[in-house]
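Here the structure is laid out as structure tokens; the discussion comes afterwards.
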């Protein structure tokens with residue numbers, strides 16, 4: 101009887117955990133889509149500008165979350181220092197974007213998209229030097245995409261505030277991209293224990 105009762109408890113616990121996990125995945129998956137859907141009908145700016153704001157917010161939130169993960173798991177101090185900068189710079193940009201979005205009634209995603217959730221999940225499985233390599237490679241790719249996104253907005257955005265925000269933030273993103281490339285190049289593919297130090 102006790103065994104049966106125990107099995108029932110375990111089964112119920114598993115079902116609850118699965119339901120919570122599915123709910124979290126739906127929230128992440130829907131966050132960007134829902135924001136874009138709302139903006140199609142309520143934003144006080146054109147759809148392209150609103151889409152830029154949503155994508156920029158999603159990217160910014162992801163950089164903060166990934167930076168926190170790097171502070172927790174990175175093996176090399178240079179990677180951790182870079183992660184600290186990502187958190188500080190992107191949180192500042194996120195706050196500025198939120199102010200603009202509020203002013204123009206643009207809805208931003210409250211959590212990162214499913215794509216970024218999946219990247220975060222895979223990265224969390226890594227450790228040590230393998231984590232450092234995966235994280236900094238992801239930073240190069242993410243900032244390459246971000247630079248392209250912000251370059252387009254800095255020249256094509258119709259909303260003056262968003263255009264100014266893109267132009268102001270772009271140099272920082274380019275600098276992040278350059279730093280990430282330098283750190284990636286400093287990782288020795290033949291060394292499984294350390295990251296080569298780069299000159300300051």
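In the numbering used here, the protein residues as written are 101 to 300. No residue lacks a Cβ here, since even glycine has one placed at the ideal position from N, Cα and C. Here the structure is a predicted model, which is why all the values come from computation and not from measurement.
First and last residue of the uninterrupted alpha helix (DSSP H) at residue i
{"i": "residue 279", "result": "260-286"}
{"i": "residue 245", "result": "228-256"}
{"i": "residue 214", "result": "214-224"}
{"i": "residue 157", "result": "147-173"}
{"i": "residue 190", "result": "177-203"}
Reference residue i, options the options, closest by Cα
{"i": "residue 152", "options": "224, 258, 279", "result": "258"}
{"i": "residue 269", "options": "148, 225, 228, 243", "result": "243"}
{"i": "residue 172", "options": "195, 240, 228", "result": "228"}
{"i": "residue 168", "options": "154, 149, 206, 189", "result": "189"}
{"i": "residue 248", "options": "156, 192, 147", "result": "156"}
{"i": "residue 240", "options": "202, 276, 199, 146", "result": "276"}
{"i": "residue 162", "options": "280, 207, 246", "result": "246"}
{"i": "residue 285", "options": "271, 274, 237", "result": "237"}
{"i": "residue 191", "options": "287, 256, 273", "result": "273"}
Pair within 8 Å by beta-carbon distance, residue i and residue j
{"i": "residue 250", "j": "residue 260", "result": "no"}
{"i": "residue 220", "j": "residue 278", "result": "no"}
{"i": "residue 159", "j": "residue 235", "result": "no"}
{"i": "residue 210", "j": "residue 154", "result": "no"}
{"i": "residue 182", "j": "residue 262", "result": "no"}
{"i": "residue 180", "j": "residue 170", "result": "yes"}
{"i": "residue 264", "j": "residue 206", "result": "no"}
Status (buried if at least 16 other CB within 10 Å, exposed otherwise) for residue i
{"i": "residue 252", "result": "exposed"}
{"i": "residue 233", "result": "buried"}
{"i": "residue 213", "result": "buried"}
{"i": "residue 222", "result": "exposed"}
{"i": "residue 256", "result": "exposed"}
Any chain D beta carbon closer than 8 Å to residue i
{"i": "residue 264", "result": "The structure shown has no chain D; it contains just one protein chain."}
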